[in-house]
Each structure stands twice: as structure tokens, then as C-alpha cells.
Amino acid sequence: MLSKLKNIFKKLVYRMRGTHTTEELIDAGLRVGCNFVPMVGCIIDPAHCHHIVIGDDVTFGPRVHILAHDASLKRHLGYARIANVNIGNRVFIGADTVVMPGVTIGDDAIVGANSTVTRSIPPRTVVAGSPARVICSLDEYLARHREAMKTRPVFGEEYSLRSNPSIARRREMYDRLSDGGNGYIV
């Protein structure tokens, strides 16, 4: 009963925001794998979600938009353009990114924040920009950060928000990153 009430409340909150729950989109034809994490404010084209497939272990940062239609032609031709969007497994899409119709994002790709993805992205590739362009391979990106982790601060679970770190720990993290460099957290 509690679960049903939570779902009703969730749907109500989403309605007030003018958005749809992932469950509603799945009912309308969206295909989603396991462990999909859409952060706050994501929009998955509700009218054409049946043209969208999202793989396993995919994360969308805040305010990601996935579009399977482009209405820019509607007033001129009387028709909107539609195309499928396929997002592979273990894909990360950064905050404020827009993925346009007809795009395929390959497995293990990373899309940087505030990108506009207008062309398909090969697997194991890091892209960013508007329009999104290849930055490097996933292997190069991971190697660069593994090397940086040898000299930069690395914070464990006790510092993550899941563990509700104390204000002192939060300040410690800030201070250790005050040189402007990166750190890493579980």
C-alpha cells in the first residue's frame, strides 16, 4: 500500500512539473535496461518515446533532453522529422545535454556536460561540445585520470553524500581541493 501511495505521489509531483515518470514513458513504449539513473529535470521525448532505447547502467545528468522528433519543419512542410535514438550500455550523459533524433551512442561512451549530440558516437569514446566532438578514447581518458589519482586527493565512502559526511569533512574536502585541481570520490 505504501508503495502505491509513493507512486501516486511521484506521478502527481511529475504532473505538477509538467514532466513524465520513467514508468509512464515505458508504458508508452520507451525501452530501458537495468540500472537507469535519470537525474532531476531530464526530458525523454514523451510523444515519441517509443523511438528511444536506453541500455543497461546508463546515467543522465540533470536536465538531459533526449529527442526523437524535430518539429522545425512542421510549419514549412506540414510534417515533423522523427528518428530512432539508441543509447548503449554503461553510457554517461552530462548535465544540460541534448541528444537529437537519429543518434546512436555506443556502449561505454561519455558525453560531457552541455553538449549537443547531433551525430552518432562510437563505443568507448568521450565527446563534448555543441555540436559534440570526439575528445579522446575512453581508454585514454581513464588512463589520464588513473595517473592523476596517484597525486590528487581521493575520498572514500565516508566523504560521499550517501554517508552524510560532517561539515568538518566537507570543509576538509574543499580545503584539499583549494588549489583548483581535481579530486576523486567513491
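With this note's numbering applied, the sequence shown corresponds to residues 82 to 267, in that order.
Glycine included, C-beta positions come from ideal geometry on N, C-alpha and C.
Taking the beta carbon of residue i as the centre, do at least 16 other beta carbons fall within 10 Å, making it buried, or is it exposed?
i	result
residue 115	exposed
residue 248	exposed
residue 181	buried
residue 196	buried
Consider the C-beta atom of residue i and the heavy atoms of the ligand GTP; say whether any pair is separated by less than 6 Å.
i	result
residue 228	For the ligand GTP, the structure offers nothing, since it holds no ligand at all.
Our contact map puts residue i next to residue j with C-beta atoms below 8 Å; I'd like the distance itself, whole angstroms only.
i	j	result
residue 173	residue 140	5 Å
residue 238	residue 244	6 Å
residue 265	residue 225	The Cβ separation is near 12 Å, so there is no contact.
residue 166	residue 178	At roughly 13 Å, the Cβ-Cβ gap does not stay under 8 Å, so residue 166 and residue 178 are not in contact.
Quick check on residue i: does DSSP put it in helix, strand or coil?
i	result
residue 127	helix
residue 241	coil
residue 222	helix
residue 151	strand
residue 200	coil
residue 214	strand
residue 171	coil
If you follow the beta strand (DSSP E) that residue i is in, where does it begin and where does it stop?
i	result
residue 100	Note, residue 100: premise wrong, no beta strand (DSSP E); not H, not E.
residue 268	The structure shown does not extend to residue 268, since the chain is modelled only from 82 to 267, so the question has no answer here.
residue 208	206-209
residue 167	166-168
Quick one: give me the first and last residue of the alpha helix (DSSP H) that residue i is part of.
i	result
residue 248	248-257
residue 158	155-158
- Message: Quick check: the region 171-188 against the region 202-216, are at least 3 beta-carbon pairs closer than 8 Å?
- Response: yes
- Decide if the region 146-161 is in contact with the region 204-221; the criterion is three or more beta carbon pairs, one per stretch, under 8 Å apart. no
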